[in-house]
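Enquirer: Sending over a structure as C-alpha coordinates; questions will come in a sec.
In the working numbering, the protein residues as written are 2 to 95.
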(Lines of atoms letter the chains of each structure in order from A; the text may use other names.)
(Lines give C-alpha, C1' and ligand atoms only; values in the text may rest on other atoms or scores of the structure.)
Protein backbone atom coordinates (compact mmCIF):
# COMPACT_ATOMS: atom_id res chain seq x y z
CA UNK A 2 0.00 0.00 0.00
CA UNK A 3 2.83 2.39 0.83
CA UNK A 4 4.51 1.74 -2.53
CA UNK A 5 1.23 2.40 -4.34
CA UNK A 6 0.82 5.71 -2.49
CA UNK A 7 4.40 6.66 -3.39
CA UNK A 8 3.65 5.88 -7.06
CA UNK A 9 0.56 8.09 -6.95
CA UNK A 10 2.52 10.90 -5.32
CA UNK A 11 5.27 10.63 -7.94
CA UNK A 12 2.60 10.74 -10.68
CA UNK A 13 1.21 13.96 -9.20
CA UNK A 14 4.59 15.58 -8.56
CA UNK A 15 5.83 14.84 -12.09
CA UNK A 16 2.81 16.51 -13.63
CA UNK A 17 1.70 13.31 -15.39
CA UNK A 18 -1.61 13.19 -13.57
CA UNK A 19 -2.40 16.81 -14.47
CA UNK A 20 -1.53 16.23 -18.14
CA UNK A 21 -3.78 13.14 -18.29
CA UNK A 22 -6.59 15.02 -16.55
CA UNK A 23 -6.39 17.97 -18.97
CA UNK A 24 -6.27 15.58 -21.94
CA UNK A 25 -9.32 13.73 -20.59
CA UNK A 26 -11.37 16.90 -20.19
CA UNK A 27 -10.29 18.33 -23.55
CA UNK A 28 -11.30 15.10 -25.27
CA UNK A 29 -14.83 15.25 -23.84
CA UNK A 30 -14.37 13.39 -20.56
CA UNK A 31 -15.75 10.01 -21.72
CA UNK A 32 -13.49 8.01 -19.38
CA UNK A 33 -14.38 10.27 -16.43
CA UNK A 34 -18.10 9.90 -17.14
CA UNK A 35 -17.73 6.12 -17.46
CA UNK A 36 -15.98 5.93 -14.09
CA UNK A 37 -18.59 8.19 -12.51
CA UNK A 38 -21.40 5.98 -13.80
CA UNK A 39 -19.57 2.89 -12.57
CA UNK A 40 -19.32 4.44 -9.08
CA UNK A 41 -22.96 5.55 -9.14
CA UNK A 42 -24.05 1.97 -9.84
CA UNK A 43 -21.74 0.36 -7.28
CA UNK A 44 -23.67 -1.80 -4.77
CA UNK A 45 -22.48 0.29 -1.80
CA UNK A 46 -24.05 3.39 -3.38
CA UNK A 47 -27.33 1.54 -3.93
CA UNK A 48 -27.40 0.34 -0.32
CA UNK A 49 -26.47 3.81 0.95
CA UNK A 50 -29.31 5.43 -1.01
CA UNK A 51 -31.81 2.89 0.35
CA UNK A 52 -30.62 3.44 3.93
CA UNK A 53 -30.69 7.25 3.66
CA UNK A 54 -34.23 7.07 2.30
CA UNK A 55 -35.26 5.27 5.50
CA UNK A 56 -33.72 7.96 7.73
CA UNK A 57 -35.55 11.24 7.06
CA UNK A 58 -33.98 12.74 10.18
CA UNK A 59 -30.64 12.97 8.34
CA UNK A 60 -32.25 15.08 5.59
CA UNK A 61 -31.15 12.80 2.75
CA UNK A 62 -30.18 14.52 -0.49
CA UNK A 63 -30.75 12.76 -3.80
CA UNK A 64 -28.21 13.75 -6.43
CA UNK A 65 -29.35 12.99 -9.95
CA UNK A 66 -26.90 12.02 -12.69
CA UNK A 67 -25.26 15.14 -14.07
CA UNK A 68 -26.30 17.33 -11.13
CA UNK A 69 -23.58 18.95 -9.04
CA UNK A 70 -23.70 17.74 -5.45
CA UNK A 71 -23.34 21.27 -4.03
CA UNK A 72 -26.46 22.28 -5.96
CA UNK A 73 -28.41 19.32 -4.62
CA UNK A 74 -27.22 19.73 -1.04
CA UNK A 75 -28.33 23.29 -0.51
CA UNK A 76 -24.77 24.51 -0.08
CA UNK A 77 -24.46 28.29 0.25
CA UNK A 78 -24.63 29.95 -3.12
CA UNK A 79 -26.09 26.87 -4.76
CA UNK A 80 -29.54 28.32 -5.23
CA UNK A 81 -31.03 25.40 -3.31
CA UNK A 82 -31.34 27.55 -0.19
CA UNK A 83 -33.55 30.12 -1.87
CA UNK A 84 -32.86 33.04 -4.13
CA UNK A 85 -29.86 35.17 -3.33
CA UNK A 86 -30.82 38.13 -1.23
CA UNK A 87 -34.14 36.67 -0.11
CA UNK A 88 -35.24 37.78 3.34
CA UNK A 89 -35.27 35.33 6.21
CA UNK A 90 -38.18 35.16 8.64
CA UNK A 91 -36.16 37.17 11.17
CA UNK A 92 -35.37 39.90 8.65
CA UNK A 93 -38.99 40.07 7.54
CA UNK A 94 -40.19 40.48 11.14
CA UNK A 95 -38.03 43.58 11.66
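Glycine included, each C-beta is placed from N, C-alpha and C at the ideal position.
Everything numeric in this text was worked out from a predicted model, so none of it was measured.
1) Between the C-alpha atoms of residue 55 and residue 14, what's the straight-line distance to the nearest angstrom?
2) Please report the Cβ distance between residue 33 and residue 25, rounded to the nearest whole angstrom; I am assuming they are in contact, meaning their Cβ atoms lie under 8 Å.
3) Where does residue 44 fall in DSSP's three states?
4) From the DSSP output, in three-state form, read off residue 57 for me.
5) Buried or exposed for residue 57, please, with buried defined as at least 16 other CB atoms from any protein chain shown within 10 angstroms of its CB.
6) What residue does the alpha helix (DSSP H) around residue 5 start on, and which one ends it?
7) By DSSP, does residue 23 sit in helix, in strand, or in coil?
8) Could you tell me which of 23, 21, 63, 36 sits nearest to residue 47, measuring between CA atoms?
9) Taking Cβ to Cβ, would you say residue 53 is nearer than 7 Å to residue 61?
10) With distance defined between alpha-carbon atoms, name the residue in 21, 28, 65, 30 nearest to residue 42.
Expert: Let me lay it out:
1) 43 Å
2) 6 Å
3) helix
4) helix
5) With fewer than 16 other Cβ atoms inside 10 Å of its own Cβ, residue 57 counts as exposed.
6) 3 to 15
7) helix
8) 63
9) yes
10) Nearest option by C-alpha distance: 65.
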